[in-house]
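Going line by line, the protein sequences match chains Y and G.
Throughout the first sequence, residue numbering follows this note's numbering, covering 35 to 204 in sequence.
Throughout the second sequence, residue numbering follows this note's numbering, covering 260 to 448 in sequence.
Just below is one structure, and these are the notes that go with it.
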Amino acid sequence: MAEIQQGGGGGKKGGKVRAKKMSTKIDMTPMVDLAFLLLTFFMLTTTFSKPQTMEITMPEKIKDEDKPPEVNEKKVVTLILGANDKIYWYHGITDPKVEVTDFSANGIRKVLLKQNAEIPGMILLIKPGDDSRYKNMVDILDEMNITNMQRYALVKITDTDKELVKESNL
Amino acid sequence: MDMTPLVDLGFLLVTFFMLTATARPDEPVTVDMPSSVSEIKMPETDIMLITVSKDGKVYFNLDGKYTRQELLRTMGERYGISFSDQEVARFAVMSTFGLPIGNLKDYINMGPEERKNVNQPGIPVDSANNQLKDWIVFSRMANQKVRIAIKGDSDSSYPVVEKVVNTLIDNKVNRFNLITNMEMNKKPS
Numbered sequence: 035m036a037e038i039q040q041g042g043g044g045g046k047k048g049g050k051v052r053a054k055k056m057s058t059k060i061d062m063t064p065m066v067d068l069a070f071l072l073l074t075f076f077m078l079t080t081t082f083s084k085p086q087t088m089e090i091t092m093p094e095k096i097k098d099e100d101k102p103p104e105v106n107e108k109k110v111v112t113l114i115l116g117a118n119d120k121i122y123w124y125h126g127i128t129d130p131k132v133e134v135t136d137f138s139a140n141g142i143r144k145v146l147l148k149q150n151a152e153i154p155g156m157i158l159l160i161k162p163g164d165d166s167r168y169k170n171m172v173d174i175l176d177e178m179n180i181t182n183m184q185r186y187a188l189v190k191i192t193d194t195d196k197e198l199v200k201e202s203n204l
Numbered sequence: 260m261d262m263t264p265l266v267d268l269g270f271l272l273v274t275f276f277m278l279t280a281t282a283r284p285d286e287p288v289t290v291d292m293p294s295s296v297s298e299i300k301m302p303e304t305d306i307m308l309i310t311v312s313k314d315g316k317v318y319f320n321l322d323g324k325y326t327r328q329e330l331l332r333t334m335g336e337r338y339g340i341s342f343s344d345q346e347v348a349r350f351a352v353m354s355t356f357g358l359p360i361g362n363l364k365d366y367i368n369m370g371p372e373e374r375k376n377v378n379q380p381g382i383p384v385d386s387a388n389n390q391l392k393d394w395i396v397f398s399r400m401a402n403q404k405v406r407i408a409i410k411g412d413s414d415s416s417y418p419v420v421e422k423v424v425n426t427l428i429d430n431k432v433n434r435f436n437l438i439t440n441m442e443m444n445k446k447p448s
């Protein structure tokens, strides 16, 4: 049933016309050329780095009847993100002393670690100014992760803060 | 010379790259993302992507063919624009767009080459006419599992990002992802 009929119908011997024996080697150069062309193409177009994401959770919107939670002002450190990648920061709320720093490892990171050691239960308020860039916001949130800050919030900048930045002249 | 091992390896690599390659969808804007040390990988499905470009325009994308179909139908109902079945089908395979809903119909009916030449004004996010809000609300209705990712350009100004974030918070989306590039060796020793 499943045999392959070999040798044709006739049982004649000798008179068979044999096909000329061909060489089994074929020229593979074009195939290999094409293969390497494809290889180069796919290698150059593949992007391996999958983008990273930073997960952030924002507080729920405060309803009108709710009062915003009150905190001790001694624990509050405010960071204002200004133009040209500057960070203005101050401790406390009444009569603050505004200082300026930047996003380098010796800038904001040192400030954060120092303040965190000095103030128990520090709360950071991050206020990106109107002339700050998106990169500044990502950088400061990243810095929070690096220095392992526990309590921080992204808050809208107030007019008082804008005044403070202007007055500081830094 | 016996080239067999070389050719074998060549084909192995071809197969590997062919299988791992994913076609990158063409996007109307190039976005230069800021970097972070975060190591969470971006999930591949159920993503709603809100792109903020350098010049402060907002673009929108949602994956999933069927979710997109449902999204366009509900959005059409909301704004009183009827989309034909063919238009819905074409929208389902489109990628990122940044147009007010009124201009969307013309854009859907364009060819792929024509679309590239369109100067997209961005999705309106002003408080008077916040269409992004409706895109978000109806996307979440079409696909409950959707995760929201914001892809912002390093140089886009904060007030635009703030508008997008506030739109999200107003719609009770308190958790979202910011897409960044990877950055190495930033942890303090």
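Yeah, the Cβ is synthetic: ideal placement off N, Cα and C, and Gly gets one too.
- Cβ atoms of Ala-401/G and Met-301/G stay farther apart than 8 Å, at about 21 Å.
- Around the CB of Glu-177/Y, 16 or more other CB atoms lie within 10 Å, so the residue is classed as buried.
- Following the DSSP letters along the chain, one finds Gln-328/G inside the alpha helix (DSSP H) bounded by residues 324-338.
- Restricting attention to Leu-188/Y, Asp-164/Y, Gly-155/Y, Val-172/Y, the CA atom closest to the CA of Val-110/Y is found in Gly-155/Y.
- In this model, Thr-281/G and Thr-80/Y are separated by some 7 Å (Cα to Cα).
- Leu-331/G counts as buried, since no fewer than 16 other beta carbons sit within 10 angstroms of its beta carbon.
- Membership of Leu-115/Y in the beta strand (DSSP E) is indicated by the continuous run 110-115.
- From the beta-carbon of Ser-166/Y, the residues of chain G found nearer than 7 Å are Tyr-417.
- Identification of residues in the segment 90-124 of chain Y having a C-beta nearer than 8 Å to some C-beta of chain G yields Ile-90, Thr-91, Met-92, Pro-93, Glu-94, Lys-95, Leu-115, given in sequence order.
- The beta carbon of Gly-381/G sits no closer than 7 Å to any beta carbon of chain Y.
- Per DSSP, Ile-153/Y lies in no alpha helix (DSSP H) segment and is marked neither H nor E.
- Residue environment: Tyr-338/G is assigned as exposed (fewer than 16 neighbouring CB atoms within 10 Å of its CB, all protein chains considered).
- Residues of the segment 344-361 of chain G with a C-beta atom less than 9 Å from some C-beta of chain Y do not occur.
- Residues of chain Y whose Cβ lies closer than 7 Å to the Cβ of Ser-386/G do not exist; the shortest such Cβ separation is about 14 Å.
- Neighbourhood of Thr-79/Y in chain G, by CB distance below 7 Å: Ala-280, in chain order.
- When C-alpha distances from Ile-180/Y are compared across Pro-93/Y, Lys-161/Y, Ile-142/Y, Gly-116/Y, the shortest belongs to Ile-142/Y.
- For Val-396/G, the CB contacts under 7 Å within the same chain, skipping 5 residues up- and downstream, are Asn-430 in chain order.
- Residues of the segment 147-165 of chain Y with a Cβ closer than 9 Å to any Cβ of chain G, in chain order: Leu-147, Pro-162, Gly-163, Asp-164, Asp-165.
- With 16 or more other Cβ atoms inside 10 Å of its own Cβ, Arg-327/G counts as buried.
- Secondary structure at Arg-185/Y: coil, using DSSP grouped into helix, strand and coil.
- In the assembly as shown, Ser-297/G is a buried residue. Its beta-carbon has 16 or more other beta-carbons within 10 Å.
- For chain Y, the residues of the segment 306-320 of chain G that bring a beta carbon within less than 8 Å of one of its beta carbons are Val-311, in chain order.
- Minimum Cα-Cα distance from Glu-303/G among the listed residues Thr-289/G, Val-317/G, Pro-287/G, Asp-322/G corresponds to Asp-322/G.
- Taken in chain order, the complete beta strand (DSSP E) segments of 3 residues or longer contained in the segment 373-434 of chain G are 406-411.
- At least one beta carbon of chain G lies nearer than 7 Å to the beta carbon of Thr-87/Y.
- Taking the CA atoms as reference points, Tyr-122/Y sits about 9 Å from Ser-202/Y.
- In the structure shown, Phe-75/Y falls within a helical segment according to DSSP collapsed to helix, strand and coil.
- Interface annotation, Lys-169/Y: in contact with chain G, CB-CB separation under 7 Å.
- In the structure shown, Ser-343/G falls within a coil segment according to DSSP collapsed to helix, strand and coil.
- Counting the other Cβ atoms within 10 Å of the Cβ of Leu-71/Y gives fewer than 16, which makes it exposed.
- Beta-bridge analysis with DSSP links Val-317/G to Val-311/G.
- For Ile-121/Y, the enclosing beta strand (DSSP E) begins and ends at 121-125.
- What Asn-179/Y touches in chain G, judged by beta-carbon distance under 7 Å, is Val-296, Ser-297, going in chain order.
- Taking every protein chain shown into account, the CB of Met-56/Y has fewer than 16 other CB atoms within 10 angstroms, so this residue is exposed.
- The beta carbon of Ala-348/G sits closer than 8 Å to the beta carbons of Gln-328 from its chain, once the five residues preceding and following it are set aside; these are given in chain order.
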